[in-house]
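Some notes on the structure that comes next.
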Amino acid sequence: MNPFKSQKPLSIWLSEYAISHQNTANKRIHYICVPIIFLTIVGLLYHISGYLLAVITIGVLWFYIRLSLLSFIAMLGFYAMCLGIVMFAPVGIWFWIWVFILAWIGQFVGHKIEGAKPSFFEDLQFLLIGPLWVAFALLGKTPARQS
Numbered sequence: 000m001n002p003f004k005s006q007k008p009l010s011i012w013l014s015e016y017a018i019s020h021q022n023t024a025n026k027r028i029h030y031i032c033v034p035i036i037f038l039t040i041v042g043l044l045y046h047i048s049g050y051l052l053a054v055i056t057i058g059v060l061w062f063y064i065r066l067s068l069l070s071f072i073a074m075l076g077f078y079a080m081c082l083g084i085v086m087f088a089p090v091g092i093w094f095w096i097w098v099f100i101l102a103w104i105g106q107f108v109g110h111k112i113e114g115a116k117p118s119f120f121e122d123l124q125f126l127l128i129g130p131l132w133v134a135f136a137l138l139g140k141t142p143a144r145q146s
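Residues 0 to 146, numbered by numbering that gives the first Met the number 0, are exactly what the sequence shown covers, in order.
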């Protein structure tokens, strides 16, 4: 399995992700926790190795551009914002670790409320679809409009 090459159109990815995110409370939790998890991953990688962050960023952005130009632009903008926060935040790696853990606890609480297991249990690529699903919700886009 190549984690950087999507075999499915964006509309299918987003529709499949949405199946386990129907409950209003779970959606709200995800709208908060998913961006925080993305931010904390950037923070963790930044503190571990700038080179590792760069390599992973290139791979992740490659995944998004393979889905659509809008996906790429939205996530590049969000990534740039996260990197700016991380670079200027006066916190160390332990801050990012604790926030990461707390955000994941929130995610699992949301899925307990939903009564559905997280999508990434089926396919790890859903870990990259989650932030995009939140971004498109904020942009007012639906899967049907993104195909």
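Note that the Cβ used here is the ideal one computed from N, Cα and C, for glycine as well. Everything numeric in this text was worked out from a predicted model, so none of it was measured.
Nearest neighbour of alanine 73 by Cα position, chosen from Val90, Met86, Trp132 and Lys7, turns out to be Trp132.
Excluding the 5 residues flanking it on each side, tryptophan 103 has same chain C-beta neighbours closer than 7 Å at Ile36, in chain order.
Assignment of beta strand (DSSP E) within the segment 85-145, counting only whole runs of 3 or more residues, yields no such run.
Between proline 130 and valine 33, the beta carbon gap of about 6 Å places them in contact (Cβ cut-off 8 Å). When the five nearest sequence neighbours on each side are left out, the beta carbons in the same chain lying within less than 7 Å of the beta carbon of cysteine 81 are those of Phe37, Leu38 and Val41, in order along the chain.
Shortest Cα-Cα distance from phenylalanine 125 to any of Gly76, Tyr63, Val85 and Lys111 involves Tyr63.
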